[in-house]
Structure formats: structure tokens, C-alpha cells
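The opening residue of the sequence shown carries number 2 in our numbering; numbering runs sequentially from there. For glycine and all other residues, C-beta sits at the position ideal for the given N, C-alpha and C. Only a predicted model underlies this, so the values are computations on that prediction, with no experimental measurement involved.
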Amino acid sequence: MEMNPKYVSLIVVLSCSLTSGLFAQHQSVIHDGSRPGGYFNDRYIGFVPKHEKIANQTACAAYLEAIIPPLNRRVDDEHHVRPVSATTEIDVVPHVAEDGEYLHDESVVYDGHGETISDHHPNLLVSETPLIWARIEYLHWWMKGMQTPPLVTTSLDGTPQAEAGVLGLDSTSVLWGDSPVNADGRSGGRLSFGRWIDPTCGQSWDVSFTALSEESDTFGGSGANHSILARPFFNVLDGQQDARLIVYPGLLEGTMSVSSATEFHTLEAVFRQIYAELPGIRADYNFGYRYADLNDHLRINENTISLSGPTIGSTFSLFDSFETENEFHGGQFGLRILTQKNDCWTFEWSALLALGNTRSTATINGQTTATPRDGSSTTTNVGLLARESNIGEYRLNKFSGIAELGVNVRRQFACGWTARFGYTAFFWSDVLRAGDQIDLNVNPSENSTGQTSSEIAPVFPGETGSFWAQGMNLGLEYSF
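Shown next as C-alpha cells:
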């Protein structure tokens with residue numbers, strides 16, 4: 002029995018109206034009443050921002066939503082997708098697109114994996130989804146300090162010359178070193194951006210760059226604030242602690258300084274794919290490339306003038322320099338879980354692991370310039386702790402890993418803006434730190450021609466260790 006086409010059209014129109022009415026009763030958009038406007042025939046008349054507008058669904062759109070979940074329009078792999086089609090000629094109520102909506106007039110609809118569902122009905126109403134996002138964050142982080150041996154000492158007034166500045170004596174105290182340096186909190190920044198590959202927001206490319214400001218620590222000393230100033234070392238010839246004097250009453254007058262600095266950066270570029278999704282919960286994984294670099298610099302300078310003996314009036318300028326550079330290149334895999342409490346608040350947990358190679362370089366330099374009273378100076382490429390036995394450039398390559406954990410709270414605002422606050426912990430294995438490459442064992446008989454006694458010291462330790470950084474982040478994200 003065939004029905005009159007006019008009755009068919011009437012039934013379809015009534016079904017569309019009823020579906021739209023029921024759908025409107027379940028909308029979560031709430032107007033706070035602060036904007037001018039009002040309701041007329043259950044419709045709001047007035048200004049509504051773009052992000053709050055919701056498409057008026059037609060019967061065809063309602064059917065499409067029934068097979069594609071609304072959060073990201075994904076379809077479970079275990080279910081077969083039945084194409085949306087219109088085999089019967091029906092009357093479609095025309096819809097005028099408002100701000101924040103567009104009429105999808107192409108013969109393609111995407112499922113949750115970027116595949117197409119063909120043969121769908123034309124002019125289906127599709128909500129506009131932002132495909133690009135950018136984020137900037139302020140960081141306040143702390144990181145593992147650089148451990149150094151005791152490099153500057155002083156002694157009580159009246160301490161004999163042979164005991165001045167020597168480690169292990171009750172009269173000696175350490176002025177700089179023997180503890181981590183560059184461990185204070187510092188500011189930094191993180192820039193991130195990404196793009197969804199398909200309109201279903203199932204796959205994306207993400208890039209993020211993190212940098213912390215250079216953290217430095219310095220020391221300066223002279224006869225103006227210390228009656229005794231010295232640089233301690235272990236004399237391998239005598240087999241006991243010794244010290245090089247910088248300031249001593251009636252013997253030497255001078256100044257010395259120590260400066261250290263640490264820099265840290267990291268970059269990641271990953272492909273992200275949705276793994277699973279439940280109401281209010283979404284999990285995705287990512288894999289890609291991770292880069293990180295960590296650089297240390299430590300330099301000791303001293304300038305002295307002899308006040309007595311055969312070298313009276315002579316000046317000596319000396320420096321020791323220790324630098325390390327670490328670069329990590331490797332592959333990264335990560336997991337992220339998002340839980341959405343409501344339309345505004347989202348909680349994010351992430352865990353990342355990168356495995357690859359850390360290429361480390363250590364550079365040790367030293368120099369001494371002696372200028373007697375006649376003014377003819379002599380320069381040799383040795384210092385006190387940087388001598389011919391350890392001066393040079395050293396390279397290491399080690400298989401290492403990077404791990405990162407993060408937790409963030411996100412608050413969505415109007416017009417595509419989202420605020421973000423969280424905490425990040427970063428760990429890196431097998432890196433060279435400049436302070437660990439300082440050997441306090443010294444053979445004083447070594448000279449610039451390389452002639453030494455049987456004991457070679459100092460040497461390059463080549464000691465590696467771990468590095469960590471952790472802190473808080475606060476930022477803004479914009480989607481468009």
C-alpha cells in the first residue's frame with residue numbers, strides 16, 4: 002500500500018520538528034542573563050558568542066549523531082559503519098547557517114579514523130571544529146644542581162703558611178664548592194602548537210619547545226675581605242692535602258673569582274592518535290622525536306702579586322675552565338589521559354618515555370701568564386687543575402633515556418581560549434656535568450713540555466650521572 006507523497010512529507014517535517022524540540026531540551030548551554038535578549042517560542046533571541054552557538058539539528062543530522070559519538074565523531078572499530086543515505090526523495094527544510102556553523106555540501110563525511118563515509122545526504126549540518134591550536138606557558142622550575150669539589154678555602158688569622166687553606170684541618174673552611182650549584186628555581190617558557198589532521202579530531206601533529214633561563218653562580222674574593230685565600234688540591238707527590246695561596250699576609254696579595262652556569266632546553270615533535278574514549282574520558286598515545294640539551298660551564302680565575310722573596314713584584318694570572326655539552330636524540334612514546342568534569346574543566350595526565358643516544362662533550366682548558374718586574378711575560382697552557390694530563394676535548398656516546406610526567410588542569414573560556422596550570426617532572430640519564438670532571442689530584446712537577454714524574458695527575462674522570470628538572474607551568478591556549 003503506497004502512501005500519498007504529501008503525507009510522507011508531512012510526517013517527515015513533523016518528525017524533524019519533534020526531534021529538534023527534544024534535542025533542544027537537552028542542551029547544556031546556559032545563558033547567564035547578563036547579555037540583552039530573551040526567549041520567544043522557546044528560542045533565544047539576542048547576541049550569543051560563537052563558541053556557545055549550537056546547530057539546530059535536522060532529522061538527517063540526528064541520524065548521523067546516532068552512529069557517530071558527539072565528542073569526536075569516532076566510530077568503534079568493532080562496529081560496521083552504515084553509510085548515511087537518502088534512498089527516498091524527501092522534502093528537506095532549508096537551514097540558514099549562523100555564525101559558528103557551516104553547511105557541509107561535499108559528498109564526504111569522516112569517521113573517527115579519518116576515513117570517509119560516502120553516499121551521505123547532502124547539506125548535512127556540521128558543527129565547526131577548531132583544527133589548529135597554539136599554547137604559551139610560563140615555567141618556574143628547579144633542576145638538579147652541578148656538584149663541585151671544594152675550590153676556594155680560607156683559614157683563621159694566624160694560621161701557619163704550610164696549613165693555610167689546607168682541607169681537613171679545623172682551621173680551614175670552604176668558601177665555594179663542595180655542594181651543588183645552580184640549583185635555585187628559575188624562570189622559563191614553553192611554546193607548543195598542533196594541528197588536527199582530520200575534522201574528527203582523532204589524529205594530530207604536536208610540536209613543543211621548552212627552555213629554562215641560564216642559571217649562574219659566582220664567587221669573588223680578595224684581600225679586602227679575607228686575610229687568607231687559597232685553592233685546595235691533593236699533592237700526589239707528597240701524598241697529602243695542599244693548597245695554592247692567593248692571599249696571605251706579607252707573602253701574596255690577589256683576587257680570585259669562580260663562575261658557573263647551566264642551560265637546559267628540550268624539543269619534541271610527535272604524532273598523536275586517539276586510543277580509546279568513554280563518556281567524559283579520553284586516552285590517546287603519541288610517538289615521535291625527542292631532543293634535549295644540557296650545558297655546563299665552570300671557570301676559575303686568579304690574579305696574584307708576590308710581596309716577598311725572589312719573585313717580589315711579579316704578577317701571575319691563571320685560569321682553569323671546564324665545560325660540558327650534552328645532546329640527546331631519540332624516539333619517544335607517550336600516553337595521555339583526559340577527564341572532562343563538565344563543559345569548562347578538564348584534567349590531563351601524561352607520561353612520556355624517550356630512548357636514544359646522548360652525545361656528551363667535555364672541554365678542559367687552562368692557562369698561566371707570569372709577568373716579572375721587568376715586564377716580559379711568559380704564557381703556558383696549564384692552570385692549577387687543568388694541566389697537560391687532562392687538558393683537551395673528550396667525547397662520549399651513551400645509550401640513555403628520558404622520562405617525563407605531567408599533570409594539568411584546564412579551564413575553557415570563551416572564543417577558543419583555555420587557561421592551563423600544572424606540574425611537570427623531567428628525568429635524563431647518563432649526562433656529563435662540568436663539576437664532576439674536576440680532579441683535585443695534582444702533580445705540581447708537571448710542566449708545559451709534558452715532562453712529569455711517574456704520577457700522572459690530574460686526569461679526565463669521564464664521570465656521568467643523572468639529571469632532573471621539575472616545576473610548575475601556567476599558560477594560555479588558543480584554538481582556531
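GLN204 lies in the beta strand (DSSP E); which residues open and close that run?
204 to 223
Where does SER165 fall in DSSP's three states?
First, the residue type needs correcting, since residue 165 is Ala and not Ser in the sequence shown. Residue state, collapsed to three classes: coil.
Kindly indicate if chain D contains any beta-carbon less than 9 angstroms away from that of GLU478.
Among the chains in the structure shown there is no chain D, since it carries only a single protein chain.
Give me, in chain order, the residues of the same chain whose beta-carbon lies closer than 7 angstroms to that of ALA165; leave out the 5 immediate sequence neighbours on both sides.
Taken in chain order, the residues that qualify are SER156, ILE229, ALA231, ALA244, LEU246 and TYR249.
Is the beta carbon of PHE234 sitting closer than 9 angstroms to the one on VAL432?
In this structure, VAL432 does not lie closer than 9 angstroms to PHE234 by Cβ.
Keeping to the same chain, check which residues put their C-beta closer than 6 angstroms to that of GLU303; ignore five residues upstream and five downstream.
ILE247, MET257 and LEU319
The beta strand (DSSP E) spanning VAL198 covers which residue range?
Per the sequence presented here, residue 198 reads as Ile, with Val not at that position. Here ILE198 belongs to no beta strand (DSSP E), and DSSP marks it neither H nor E.
Secondary structure at GLN438, three-state DSSP: helix, strand or coil?
helix
Should ALA225 go down as buried or exposed, given a rule of 16 or more other Cβ atoms within 10 Å for buried?
exposed
I think GLU138 touches GLY476, with their Cβ atoms under 8 angstroms apart; what is that distance to the nearest whole Å?
3 angstroms
Which whole-angstrom value describes the C-beta separation of ARG191 and PHE220, a residue pair presumed to lie in contact below a C-beta threshold of 8 angstroms?
Contact between ARG191 and PHE220 does not hold, since their C-beta atoms are separated by about 32 angstroms, which reaches or exceeds 8 angstroms.
Over what stretch of residues does the beta strand (DSSP E) that includes GLY407 continue unbroken?
393 to 413
Are ASN409 and PHE468 closer than 9 angstroms when you measure CB to CB?
It is not a contact, given that the beta carbons lie outside the stated cut-off.
Using the Cβ count rule (16 or more neighbours within 10 Å means buried), how would you classify THR465?
In this structure THR465 is buried. Its beta-carbon is surrounded by 16 or more other beta-carbon atoms within 10 angstroms.
If you drop the 5 nearest sequence neighbours on each side, which residues of the same chain put their C-beta closer than 7 angstroms to that of PRO150?
GLY178, ASP179, ILE439 and LEU441
For THR267 versus ASP294, is the C-beta distance shorter than 9 angstroms?
yes
Assuming VAL182 and SER261 form a contact by the criterion Cβ under 8 angstroms, report the distance between their Cβ atoms to the nearest whole angstrom.
About 5 angstroms; that satisfies the 8 angstroms criterion.
Which one or two residues does DSSP pair with ARG232 in a beta bridge?
ARG245
Where do the N-terminal and C-terminal ends of the beta strand (DSSP E) with ARG283 fall, by residue?
282 to 307
I'd like the span of the beta strand (DSSP E) that includes ALA387, first residue to last.
Per DSSP, ALA387 lies in no beta strand (DSSP E) segment and is marked neither H nor E.
In this structure, what does DSSP give as the bridge partners for GLY255?
Its beta-bridge partners are THR305.
Specify the secondary structure class of GLY332 as computed by DSSP and reduced to three states.
strand
Tell me which same chain residues have a C-beta within less than 8 angstroms of the C-beta of HIS52, skipping the five on either side of it?
Because HIS52 sits at a pLDDT of 49, beneath the cut-off of 50, its placement in the model cannot be relied upon, and the point is left open.
Pull up the distance between the alpha-carbon of THR364 and that of PRO462, whole angstroms please.
12 angstroms
Can you tell me the Cα-Cα spacing of LEU406 and ASN474, whole angstroms?
13 angstroms
Tell me, which residues are paired with ALA276 by DSSP?
In the sequence as presented, Ala is not what sits at residue 276; that position holds Tyr. DSSP, once it has assigned bridges, lists no residue as partnering TYR276.
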